[in-house]
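From first to last, the protein sequence lines are chains F and R.
Here the first sequence is numbered in this note's numbering, starting from 1 and rising by one per residue.
Here the second sequence is numbered in this note's numbering, starting from 1001 and rising by one per residue.
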Amino acid sequence: MTELLQVLIFGVLTGGVYALMATGLTLTFGVMKIVNMAQGALLILSAYLCWTLWAHLGIDPLLGSLIVTVPLAALGILFYRFIVERVQRHDHGLTIVVTFAVALVAEAIIALIWGPNPIAATPAYFNQAFTLGSVTVPRAQLYACLLAVAVTALLQLCLRRTWLGHAITAAAENPEGARLIGVEPKRIGTWIFAIATATTAFGGAALSFLYQFTPDSQDTWIGLTLSVVILGGLGSVTGAFAAGVLLGLAESVTSTYISVRWSEAVPTILILLVLLIRPQGLFTLAARQDAAV
Amino acid sequence: MNKNGMNGKGMTQAGIRRTLVALALVALAVFPLVSDDLYYQAMLILTFVLAIGATGWNIMGGYAGYISLGNSAFVGLGAYTTGILAAKDNLSPFLGCLAGGLVAAVAAAILSLVTRRTRGMYFIIVTFAALQLLGIVATIWSGLTGGSQGLALPIPTWSLTYQNWPFYYPLLALLVLSVAVSAWVRRSKLGVGLFAIADDEGKAAGLGLATNADKLIAFVLGGTFLGVAGGIYAYYVTFLNVSAVFDIVTSMLIVLSALLGGRGTLWGPVLGAFIIEPLANLTSTSLGGANAGAIRLLLFGGLLGLVVLFLPRGLIPTVSAWKTQRQGQGQKQPDPERLRLPLAATMTQEGDQTEAAPAQRPHADATTMAGTGTVLAVRGLARSFGGLRAVDDVDLDLPPASVTGLIGPNGSGKTTLFNLVDGTVRPSSGRLTLAGRRVDHKSRQARAHAGLARTYQLPRLFPSLTVLENVVLAERRFSVARLFLPRVTVAERGRAMAVLDDLGLAQYASTSPATLSYGQRKLIELAQVLWLAPALILLDEPAAGISPALSQRLAGMIRHLRSEGVGVLLVEHDVAFVASLSDRVYVMANGKIIASGTVAEVSADQAVVDAYLGDQVALAVGNPVESAS
């Protein structure tokens, strides 16, 4: 019983972090139907930046992520304006290929700057835990999950309450209609990419002290973030949060009761299952185009 | 004649290309015999593997438009099958690679079956995830694959005087075979089907094309070649480890080669591979040190990005477009709106040209159907989208040899009803009987095979195919043998040219429909769906936006179809056009049929006047009165 409770707590905390890492992808995928294969690389880049701030200036990664949002947002804007938007104009299907190319280039640049060896930030709390009776709550995981909740809530608030949020939602539901009422897709796209990559800084911060990372671990993280987004139903921020938690639980249960090595396969298995059985995602209702039976 | 001149020139160009290919092939064949430079031999061996991979990828990714990022999985499956058979059962790798091809083919077939409803970027993601999963499974299943320790194959035992010939020549032969198969696919009905899928898969299904079978064959062909190549490659490198074999970077190089050379062209993937692999070889020998891997990744990732950004169509199409642009400036386009003679005139001289066109061909189905009373029976059909009942409890009967009009304001559910009948949208409830067969849960193909045809308000033709190929595309039944036929058989050409001649569009037979005017495309689409020899045809606003002369011809064609026993269901806002043709009219509003009867009956109906015919009144009316008829 205690073991199960422990597994559940760990699963929920990890899941919150997964959702945080996938937030950027949720926005670009959901609103613009662009699968940003560079999400993993952006995460790793954020993690390296947070790690650098921590290792050289002693800035805590959680705090450092606020600083990292700035260059990441700028990168997102450049990425969209000079690459994604140009490709999208002539062949939407190739956007996934070009973002994949960007992921490889980013991986190479990261490796050239920081080298290929695994690193991780180790702030004071990284291996401490709160104890509640017989269960332990790791502090690092808890902080990261709280950050995830905060970012998700803030993002949801922005989408619901601000003009930009409404414009983004409108563009997601009906691009042509949005254009007619003066919501310019290119401008919205720029905003979405800026926000998406900026929030990736938080995911990267969590990654920097929760996991060891190398330049080529971006490959793993793109798989994981993709599975969160697909599981959550495209573009739903809260759906992605629920999906992250579900994924975290599935991994945690798999590694405890089956084997740690199989838990690595959980995200890809879930991607395949969802896309093959319920392509519209687990947490979405049938939309008009879906023509579900 | 200008046209013949062009053809003559085209022939010589094809001749030059054929000579070049033959020369290159001879050079590649004799190279290892005259040079003992093992460096270049090794480079060519890897180039062949990549060229085979890119050619195989191109059948699905280029022709059918289904991009895959997971194709190195087939290399991995082939390599591991061969490696395991060689290491555990002492099977010669040259036989093992055939088993590798088989395993890859089976994997491709399974993937194709389970992804048959997966489109576009979802397909890309599935291939990506499948590759990742295979890599993980191969690592975990270390008893079989050696896991992270790797798997060693037996060292080749032949004399050193033979160098790497036993790898070189089989791979060269496999490359020739894969290009030959790719060329055959392009020239066959299978290829036309794949190009049609890339253009508009839904429309292709509606024409009765076995899209799933086409995709399955394409994917299996590509996978098989990669599997066999992977097997030979495994023996060549003699050591396999999971992260190297199931590497996404291999997939990336395959995609890069195909895109660079020209996706969807025959030689593009080969050309791309012959550029990429030597470049990779050069960088791996000239670069050293700890950063070599990162620099290579930067180079090839960057190259992929640049190709997508600045050369999205690839080298071969870009160069040939540039060449035709340079020489083809002076070509005169025939007047697009010109129509040779009113169709009504040809219709009256029926006797002269009985076999001329499918439209004028009596169809067995349609005539036998005359006995049964209805070609289409709709009972209680409903479809909701969220809270909106777009089609609400619709009953409708369509007798053969009749024209039925369906009118109603915009948003009344006419197009959704069409989508329900042709299977684009599945009903929430209700029954649909087509030519005596229940079809409400049948695929679009099954409905086309049962005799249903449909045109669209904005014609949906296939721009990658010629007008002639568009016309002969539809299939009334599925047969595997048919896939092996040439794109357009002699008999089909004869019949289709007669149809095009009749429409005054014969001179466009070998151009893309994208170059035609809107009205011409409407005519071509009608000819295209009539190729099915349908028992029932749905026409969605056929007269919208076309000239009065054309709309008269169209009316003549519809009357003729009726006289041939075809049931016609017509959605049209031009009430006069509907009135002049229809035996019976249904009026829809808010998803319901509010009235039906003859034109005279319906136009006397107050509810109809309120809902539709009297535009000014329609806006003010809240609830239409139930009709008396």
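Ideal Cβ positions, reconstructed from N, Cα and C, are used throughout, including at glycine.
Take every Cβ of the stretch 1192-1204 of chain R, pair it with every Cβ of the stretch 1070-1079 of chain R, and state whether three or more of those distances are shorter than 8 Å.
-> no
Could you list which residues in chain R have their beta carbon closer than 8 Å to that of Ala170(F), in chain order?
-> Simply none; closest approach about 17 Å.
C-alpha distance - Thr1283(R) paired with Gln1163(R), whole-angstrom precision = 24 Å
Look at the Cβ atom of Arg1383(R), then the Cβ atom of Leu1406(R), and state whether they are nearer than 9 Å.
-> no
Excluding five sequence neighbours on each side, which residues of the same chain lie with their C-beta closer than 6 Å to the C-beta of Ala1051(R)?
-> Leu1175, Val1270, Ala1273
Output the distance between the C-alpha atoms of Gly40(F) and Val1026(R), rounded to the nearest integer angstrom.
-> 46 Å
Give the DSSP-derived three-state secondary structure of Tyr1233(R) in the structure shown.
-> helix
Enumerate, from N- to C-terminal direction, the unbroken beta strand (DSSP E) stretches of 3 or more residues contained entirely within the stretch 99-132 of chain F.
-> 129-132
Apply the 10 Å Cβ neighbour rule to Ala1390(R) and answer buried if 16 or more other Cβ atoms are within range, or exposed otherwise.
-> buried
Closest to Ala1474(R) by CA distance: which of His1449(R), Pro1409(R), Gly1101(R), Asn1281(R) is it?
-> His1449(R)
What is the DSSP secondary structure of Pro1400(R), counted as helix, strand or coil?
-> coil
Should Lys1322(R) be labelled buried (16 or more other beta-carbon atoms within 10 Å of its own) or exposed?
-> In the sequence under discussion, the amino acid at residue 1322(R) is Trp, which differs from the Lys named in the question. Label assigned to Trp1322(R): exposed.
Can you give, in chain order, each stretch of the beta strand (DSSP E) that sits fully within the stretch 1512-1538 of chain R and has at least 3 residues?
-> none
Three or more C-beta pairs closer than 8 Å, one from the stretch 259-269 of chain F and one from the stretch 53-72 of chain F: is that the case here?
-> no
Where does the unbroken alpha helix (DSSP H) through Pro138(F) begin, and where does it stop?
-> Careful: Pro138(F) lies outside any alpha helix (DSSP H), inside the beta strand (DSSP E) at 135-138.
Of all the CB atoms in chain F, is at least one closer than 9 Å to the CB of Ile1124(R)?
-> yes
With distances taken from CA atoms, which of Arg1521(R), Leu1297(R), Leu1256(R), Ala1533(R) is nearest Gly1545(R)?
-> Arg1521(R)
Should Leu1226(R) go down as buried or exposed, given a rule of 16 or more other Cβ atoms within 10 Å for buried?
-> buried
Spatial distance of Ala1138(R) from Val1242(R) (CA atoms) | 7 Å
Cut-off 6 Å between Cβ atoms - residues of its own chain near Ser208(F), not counting five sequence neighbours on either side | Ala47, Cys50, Trp51, Pro61, Ala121
For Ser1517(R), is the classification buried or exposed, using 16 other Cβ atoms within 10 angstroms of its Cβ as the cut-off for buried?
-> exposed
Backbone CA spacing between Trp1057(R) and Ser1257(R) [nearest angstrom] | 10 Å
Beta strand (DSSP E) containing Ala1382(R): first to last residue?
-> 1376-1385
Determine which residues of the stretch 68-94 of chain F have a Cβ less than 9 Å from any Cβ of chain R, and write them out in chain order.
-> Phe82, Ile83, Arg86, Val87, His90, Asp91, His92, Gly93, Leu94
Below-9 Å beta-carbon distance, Ala186(F) vs any chain R residue = In the sequence on display, residue 186(F) carries Lys and not Ala. So no, Lys186(F) is outside the interface.
Taking C-alpha atoms, which residue in Val1403(R), Thr1118(R), Ala1108(R) lies nearest to Leu1539(R)?
-> Val1403(R)
Could you spell out where the beta strand (DSSP E) holding Arg1584(R) opens and where it closes?
-> 1584-1589
Going by beta carbon distance, what residues of the same chain come within less than 6 Å of Gln6(F), once the five residues before and after it are set aside?
-> Val135
At which residues does the beta strand (DSSP E) containing Ser1182(R) begin and terminate?
-> Segment 1165-1187 is the alpha helix (DSSP H) holding Ser1182(R); no beta strand (DSSP E) there.
Taking Cβ-Cβ distances shorter than 8 Å, what residues in chain R pair up with Ile223(F)?
-> The sequence shown places Gly at residue 223(F), not Ile. Ordered by position in chain R, the residues that pass the 8 Å Cβ test against Gly223(F) are Phe1128, Ala1129, Gln1132.
Compare the beta carbon distance of Val1439(R) and Leu1432(R) with 9 Å and say whether it is the shorter of the two.
-> yes
Residue interval of the alpha helix (DSSP H) (run including Arg1296(R)) | 1292-1310
Looking only at DSSP bridge pairs, what is Val1391(R) linked to?
-> Arg1383(R)
Does the pairing of the stretch 1559-1574 of chain R with the stretch 1485-1499 of chain R give three or more beta-carbon distances under 8 Å?
-> no
What is the DSSP secondary structure of Val1568(R), counted as helix, strand or coil?
-> strand
Any C-beta of chain R under 9 Å from that of Ser297(F) | The shown model of chain F, from 1 to 293, leaves out residue 297(F), and the question about it has no answer.
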